[in-house]
Amino acid sequence: NAGVTQTPKFRILKIGQSMTLQCTQDMNHNYMYWYRQDPGMGLKLIYYSVGAGITDKGEVPNGYNVSRSTTEDFPLRLELAAPSQTSVYFCASSYMGDNSPLHFGNGTRLTVT
Amino acid sequence: DQQVKQNSPSLSVQEGRISILNCDYTNSMFDYFLWYKKYPAEGPTFLISISSIKDKNEDGRFTVFLNKSAKHLSLHIVPSQPGDSAVYFCAASGTGGYQKVTFGTGTKLQVIP
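Quick look at the structure:
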């Protein structure tokens with residue numbers, strides 16, 4: 009029972025490079041989310057999806073893109089990486105959007121230099 | 034604008050004693066509250082929640098208290114165990130359809146054997 013799986017665990021990018029953070033869940037959850045956590049800060053919502061084919065912006069979407077072609081997968085794309093995107097990224101899913109607890113992956117630690 | 038505040042970045046407690054973690058919120062539209070626990074190099078995991086129609090919810094050693102008039106909630110852990118050492122995040126949302134979850138900055142609990 010894998011839950012939410014994120015890859016890679018760590019990545020170092022140079023300024024201006026691009027990459028995709030992968031996220032997959034095997035719980036058949038409709039809702040999926042991307043958060044980032046900066047040191048000493050709470051989790052900030054980047055993007056979310058309420059089902060396959062539907063995505064929407066969260067609090068801090070600039071510099072990111074997402075897609076949701078299947079229920080299981082919710083990749084996060086970084087275009088033109090900047091040092092401000094150095095953070096730990098968490099993918100999460102939930103059965104419903106209304107107060108269902110979030111199930112998180114173990115995170116991707118990204119450094120942009 | 035930090036709508037969910039955890040003013041104590043860290044807390045140390047002796048094993049067997051009570052741990053009390055506090056959380057304040059400013060948005061009166063919040064009516065559902067959750068606590069998540071996070072170990073290093075892992076994603077947050079759901080611990081306990083409370084709806085605004087209650088003032089207390091208990092699950093084993095964990096109890097959450099809600100004081101709506103003061104916009105304050107607290108998590109009590111009794112008795113504290115070394116395995117409880119982790120970062121605890123308070124989170125809040127509204128109800129009805131998809132509601133964005135707002136996280137606090139976390140409190141690092143250390144339980145000393």
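Going down the list, the sequences are from chains U and W. Counting in my numbering, the final residue of the first sequence is number 121, and the numbers go up one at a time with none missing. Counting in my numbering, the final residue of the second sequence is number 146, and the numbers go up one at a time with none missing. In this text, a Cβ means the ideal position worked out from N, Cα and C, and glycines have one as well.
| query | result |
| --- | --- |
| Local conformation of Gly24 (chain U) per DSSP, three classes | coil |
| Per-residue contacts from Ala74 (chain W) into chain U (C-beta, under 8 Å) | Asn114 and Gly115 |
| The stretch 94-109 of chain U: positions lying closer than 7 Å to chain W by Cβ | Phe98, Gly105, Asp106, Asn107 and Pro109 |
| 7 Å CB neighbourhood of Pro16 (chain U) in its chain, flanking five on each side removed | Thr116 |
| Residue-chain proximity (Leu53 (chain U), chain W), Cβ-Cβ < 8 Å | yes |
| Rounded C-alpha distance that separates Val111 (chain W) from Phe98 (chain U) | 30 Å |
| The beta strand (DSSP E) enclosing Glu91 (chain W), as first and last residue numbers | Lys89 to Asp92 |
| Buried or exposed by the 16-neighbour rule on C-beta atoms within 10 Å, applied to Pro91 (chain U) | exposed |
| Endpoints, beta strand (DSSP E) assigned at Val144 (chain W) | Thr140 to Ile145 |
| Integer-rounded CB distance, given that Asn38 (chain U) should sit under 8 Å from Ser126 (chain W) | Not confirmed; about 17 Å, so no contact. |
| C-beta atoms of Gly76 (chain W) and Gly113 (chain U) nearer than 8 Å | yes |
| Min CB distance Leu151 (chain W) to chain U below 8 Å | Because chain W is modelled from 34 through 146, residue 151 (chain W) falls outside the range shown and cannot be assessed. |
| Simplified DSSP state of Gly116 (chain W), which is helix, strand or coil | helix |
| Start and end residues, beta strand (DSSP E) containing Ala100 (chain U) | Ser95 to Ser102 |
| Range covered by the beta strand (DSSP E) that runs through Tyr72 (chain W) | Tyr72 (chain W) -> no beta strand (DSSP E), and no H or E assigned at all. |
| Proximity test, Cβ basis, 8 Å: Ser82 (chain W) and chain U | yes |
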